[in-house]
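Numbering (our numbering), first residue to last: 5 to 684.
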């Protein structure tokens, strides 16, 4: 005991406390029975090197724990995959003291061999992941020993180097795909700033010390949200840590503590007040800011503006975007909350005002009208052939179709395949996807879309409908502003290409906004001299990130390394996959895996599309499919809305779906139960 107490004053211990600014305190000595270990070791609930994936890392040796921690012996190393296990905890651990034990029927995949029994390794992995779940998902580092009959937990502590925890949940849907530096440098401060404003409404003075700019980041060019920070914020707000997941994706969450909720009632009431007047506030901003702002922007000819004038235009758009971002966050949350509280079914709501739905209906109508203008019998179902036929030997009917198509692009040209990424071309710039869809509508008219009868809506459905219509209006404003922002940067890029500042089209999207500001002001000669090298480096990094087969759902700590091996074996033997049922109905068809919309494949009602995410730009393709499976998303996803519009079953949130399913596989999809069954 005396030796233990004296260890407190050793130079190394004193230096440790000084380095970490720890106060001098008394030290208690714990007296416990010494375990005579048959097998002992350490375990990490998450891989501290890879900092991602579902592997538990275990080091073990025959004998006592001191052999492992001494550093004088090389331990046996094991990796155990523990995925999708839901642990349940009671407030009194004594009510179920054995819930940490590995169920008899559960077998975990183990990589590595040695003297330690495989079942013991699996039990240790299950235990350390159980402890992680008990401590709110914070990765744990444990020491353990097995005496031949009983597994003993000697120590458990958090792995501080694996904090914060970054999650793709929510981010994968609202900011999908790989993100260019310019897009992120604009999106991050806008989104984080508005979330900070919303959190501050509730927390008031208790928001001090929270850095809302740390709410999101990029790893491997993909967006992640800071789950550690969000959990801290939610607990301060009196909400459970998983509340954001509920509000945006409809997932269930636990009951918040009563005392914490009571403390936050004034702030929550302030937020409720904002929600109650959301429609009124938007209408006012629409009249005072958005309408006049769009009028100003449309009056300008971007191709005639100087770089300074273009930067002024960009700043004008960003001011409007900041205001629009507030509504783009609150409006969907408002719909989710009202729909959940009032128990309104999706089929009771009319999504026709959503721009992706409205655009599809307009294009269908245009295609129906065009059938009388040209004879399809002698034409191939190819868009270039169709538009050549409309252009050659023009008559009144053909001219009318071309004029209507131009009007369509004038109205919906702001849309793109990734609505939140200004680095992606809009339909106005690249109408080829729309022309292809128009052609397919000509030859193969889609099934009639479903529209809820507003005249027969209940008062509850009408309440939700009004806020769904608001969401649609906000989406139009937000998307149009992003398109105007893109077109402004494109105009600036043209100036710099002609003057030699940039080397090729697309270069500007590899710059950050503050760098563009400095280039316009000519205030950073070093940046100007190294500009092309900087762009080349970032372009190379994005290409490297594009080669990743999948993006980790969770990342632990900052700057995770590039994953050079698959962190977890993809289970091919599972016959049923489960996700979130987003559009009811059943369908049997053949899988078509699609990673992006660079090329539109042939799709029919026998096709079950499997995609990483859905955005408004995916709507033209989804309208022709027989079913939809997505790796991320929920009932309010763009894909789910379009699927319900056309009566297509959809299942969202099936992790690694684009890898677990293969082209040509026969599957049955159940959009009500949220299941996908692989058929023989």
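We put the beta carbon where it would ideally sit given N, CA and C, even for glycine.
Where DSSP assigns a beta bridge to residue i, which residues make up the other side?
i, result
"residue 467", "Answer is none; residue 467 lacks a bridge partner."
"residue 162", "144"
"residue 592", "672"
"residue 56", "559"
"residue 45", "64 and 148"
"residue 656", "584"
"residue 420", "430"
"residue 156", "149"
"residue 597", "614"
Note the first and the last residue of the continuous beta strand (DSSP E) segment covering residue i.
i, result
"residue 228", "226-230"
"residue 613", "611-615"
"residue 322", "Premise fails: residue 322 lies in the alpha helix (DSSP H), 311-346, not in any beta strand (DSSP E)."
"residue 113", "113-115"
"residue 630", "Counting along the chain, residue 630 falls outside any beta strand (DSSP E), and DSSP gives it neither H nor E."
"residue 82", "80-85"
"residue 169", "169-171"
Let's see if you can read the secondary structure: which residues bound the alpha helix (DSSP H) around residue i?
i, result
"residue 406", "400-416"
"residue 359", "359-374"
"residue 296", "295-303"
"residue 33", "No alpha helix (DSSP H) holds residue 33; DSSP gives it neither H nor E."
"residue 681", "From DSSP, residue 681 is part of no alpha helix (DSSP H) but of the beta strand (DSSP E) over 679-682."
"residue 1", "Examination of residue 1 is not possible in this model, given that the chain is present from 5 through 684 alone."
"residue 388", "387-395"
"residue 649", "642-649"
"residue 438", "436-447"
"residue 286", "282-289"
"residue 16", "15-23"
"residue 123", "122-138"
"residue 6", "6-10"
"residue 351", "Looking at the DSSP string, residue 351 is not in any alpha helix (DSSP H), and its letter there is neither H nor E."
"residue 663", "661-664"
"residue 72", "70-73"
Return the Cβ separation of residue i and residue j in integer angstroms, given the expectation that the two are a contact with Cβ distance under 8 angstroms.
i, j, result
"residue 630", "residue 654", "Residue 630 to residue 654, Cβ: 11 angstroms. No contact."
"residue 559", "residue 535", "Contact doesn't hold; Cβ gap of about 30 angstroms is too wide."
"residue 144", "residue 160", "5 angstroms"
"residue 669", "residue 607", "With a Cβ gap of about 16 angstroms, residue 669 and residue 607 do not count as contacting."
"residue 666", "residue 597", "7 angstroms"
"residue 633", "residue 652", "About 11 angstroms; that fails the 8 angstroms criterion."
"residue 686", "residue 142", "The requested residue 686 is not part of the displayed model; the chain covers only 5 to 684."
"residue 3", "residue 618", "With the chain running from 5 to 684 in the structure shown, residue 3 is simply not present."
Below 8 angstroms, can you find three or more Cβ-Cβ pairs linking the stretch 524-538 to the stretch 122-139?
-> no
Tell me the start and end of each unbroken alpha helix (DSSP H) in the stretch 178-224 that is at least 4 residues and wholly inside, in chain order.
-> 185-207
With a cut-off of 8 angstroms, do at least 3 Cβ pairs link the stretch 314-331 to the stretch 484-491?
-> yes
Determine, using beta-carbon pairs with one atom in the stretch 648-658 and one in the stretch 384-393, whether at least three such pairs fall under 8 angstroms.
-> no
Length-filtered (3 minimum) beta strand (DSSP E) runs lying within the stretch 498-562 = 558-560
Are the stretch 536-556 and the stretch 37-52 in contact at 8 angstroms, needing three or more beta carbon pairs?
-> no
Are there three or more Cβ pairs, one per stretch, closer than 8 angstroms when the stretch 26-46 is compared with the stretch 150-161?
-> yes
Counting Cβ pairs closer than 8 angstroms, one from the stretch 215-233 and one from the stretch 179-192, do we hit at least three?
-> yes
Three or more beta-carbon pairs under 8 angstroms between the stretch 341-351 and the stretch 461-476, yes or no?
-> yes
State whether the stretch 655-663 contacts the stretch 371-384, with contact taken as three or more CB pairs (one from each stretch) at a distance under 8 angstroms.
-> no
Counting pairs of beta carbons, one from the stretch 475-482 and one from the stretch 352-369, are three or more of them closer than 8 angstroms?
-> yes
Spell out a yes or no on whether the stretch 71-81 and the stretch 105-121 are touching, meaning 3 or more CB-CB pairs, one atom from each, closer than 8 angstroms.
-> yes
Three-pair Cβ contact test at 8 angstroms for the stretch 162-182 versus the stretch 303-319 | No, the stretch 162-182 is not in contact with the stretch 303-319.
Validate contact between the stretch 365-374 and the stretch 399-408 using beta carbons, cut 8 angstroms, 3 pairs = yes
Could you say if the stretch 328-340 and the stretch 432-452 meet the contact criterion of at least three C-beta pairs nearer than 8 angstroms?
-> A contact between stretches requires three or more CB pairs, one per stretch, nearer than 8 angstroms, and the stretch 328-340 fails this requirement with the stretch 432-452.
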